[in-house]
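Working notes, structure below.
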Amino acid sequence: MAGRSPTGRVAVKQFGGCKLLAEQFAACNLLAEQFAACNLLAEQFAACNLLAEQFAACNLLAEQFAACNLLAEQFAACNLLAEQFAACNLLAEQFAACNLLAKQVAACNLLAKQVAALVKEIMYQKGRSIAETRILKCRGSLFGLVDCGGN
1 MAGRSPTGRV
11 AVKQFGGCKL
21 LAEQFAACNL
31 LAEQFAACNL
41 LAEQFAACNL
51 LAEQFAACNL
61 LAEQFAACNL
71 LAEQFAACNL
81 LAEQFAACNL
91 LAEQFAACNL
101 LAKQVAACNL
111 LAKQVAALVK
121 EIMYQKGRSI
131 AETRILKCRG
141 SLFGLVDCGG
151 N
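With UniProt numbering, letter number 111 in the sequence shown gets 111, and the count goes up by one each step, no holes.
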């Protein structure tokens, strides 16, 4: 820098300082852009986290829906079981009615036997009365009062 004036040296130094300042300013601008990019990235990360939460909520909803379907199937099975229970109760009532009918049939059979025995007894008594009447008639014929004639 021989031959330069001291003012020129100062000017060169000042220019070099300005150039450095300009480079630092450009670096600051770049840093600001990177900071903005980081902020954008942070927003995107937050959006991803929100999306992950929504996905988890959807999975939970799907599980709840599956649980509801299972519950609906269990409810249908309970309704079927209730119908089968009602059918069993009806069958039990019919069985009880059959048992009652069987008892009534047995009572009717016993009554029929009693009636048959009574009829037999009556017929026996009637036959005996007829036989006694014949005997008496025949006895009377011995005394000439009645003709037996085979009756």
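We put the CB at the ideal spot given by N, CA and C, even for glycine.
Euclidean distance between Cα positions of residue i and residue j
i: A52; j: A46; result: 10 Å
i: residue 155; j: F25; result: Nothing can be reported for residue 155, as the shown portion of the chain is limited to 1 through 151.
i: C78; j: N59; result: 28 Å
i: S129; j: V115; result: 20 Å
i: residue 163; j: L40; result: Since the first residue of the chain shown is 1 and the last is 151, residue 163 is not available in this structure.
i: E121; j: N89; result: 47 Å
i: F15; j: C28; result: 19 Å
i: residue 167; j: L80; result: Look at the range of the chain in this structure, 1 to 151, and you will see that residue 167 is not part of it.
i: E93; j: V105; result: 18 Å
i: E132; j: K126; result: 10 Å
i: residue 182; j: E23; result: The question about residue 182 has no answer here: the residues shown for the chain are numbered 1 through 151.
i: E43; j: Q54; result: 16 Å
i: A96; j: E73; result: 34 Å
i: L70; j: E63; result: 10 Å
i: C85; j: C98; result: Before going further, note that residue 85 is Phe rather than Cys in the sequence given. Their Cα atoms are separated by approximately 20 Å.
i: A76; j: L91; result: 22 Å
i: E83; j: M123; result: 58 Å
i: L101; j: V119; result: 26 Å
i: N151; j: K103; result: Caution is warranted here: a pLDDT of 46 is assigned to N151, below 50, making its placement in the model unreliable, and no coordinate value can be reported.
i: A36; j: L30; result: 10 Å
Residues of its chain near residue i, where Cβ-Cβ distance is below 7 Å and the 5 sequence neighbours each way are ignored
i: A117; result: none
i: K19; result: none
Contacting residues, own chain, Cβ-Cβ under 6 Å from residue i (five flanking each side not counted)
i: G17; result: none
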